[in-house]
Amino acid sequence: MIIKGTVTSGNVYADGTRSMEIMFSLSYINNLPYVKNDASIVKLIVREATYLINLRHTDNNSYLWFSPFCHVFEVTGKAQKGQRMRLSDVLIPVGFQVNDSVDISFEGTTAKLMSKI
Numbered sequence: 642m643i644i645k646g647t648v649t650s651g652n653v654y655a656d657g658t659r660s661m662e663i664m665f666s667l668s669y670i671n672n673l674p675y676v677k678n679d680a681s682i683v684k685l686i687v688r689e690a691t692y693l694i695n696l697r698h699t700d701n702n703s704y705l706w707f708s709p710f711c712h713v714f715e716v717t718g719k720a721q722k723g724q725r726m727r728l729s730d731v732l733i734p735v736g737f738q739v740n741d742s743v744d745i746s747f748e749g750t751t752a753k754l755m756s757k758i
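If you read the sequence shown in the numbering used here, its first letter stands for residue 642, the second for the next number, and so on.
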């Protein structure tokens, strides 16, 4: 199932990069592998790389979101398996910026970020 999300930002890191999260409307709540008021781990595929990322939910927010940090699941380039990465360092090189719409294909607990092109 294709779910639409939006790249959002909160803080700015010390190096000037804006933090990034991917936010999903609660209208998709029944189609996402979330845990009420907690985080669930999702495999996020971005091009040929795979990461583990938290899909978060709280009753205090009117949306679900991917956390601003992820961990490398499969070794890609210089990254090491298990290495913690900023989501912005995953999204910016493939052309995504804050406020961009994203399409993500979900199958169970695996999510594949669809290309902007």
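Using N, Cα and C, we set each Cβ at its ideal position, and we do this for glycine too.
Where Leu696 is concerned, the enclosing beta strand (DSSP E) starts and stops at 690-697. Following the DSSP letters along the chain, one finds Asp730 inside the alpha helix (DSSP H) bounded by residues 728-732. Under the 8 angstroms Cβ criterion, the region 726-740 counts as touching the region 705-718, having at least three qualifying pairs. Straight across, the Cα-Cα distance linking Phe714 with Lys684 is about 8 angstroms.
Annotated as distal: Ser681 and Leu667, with beta-carbon spacing of 9 angstroms or more. In the DSSP annotation of this structure, Ile670 is not part of any beta strand (DSSP E), being labelled neither H nor E.
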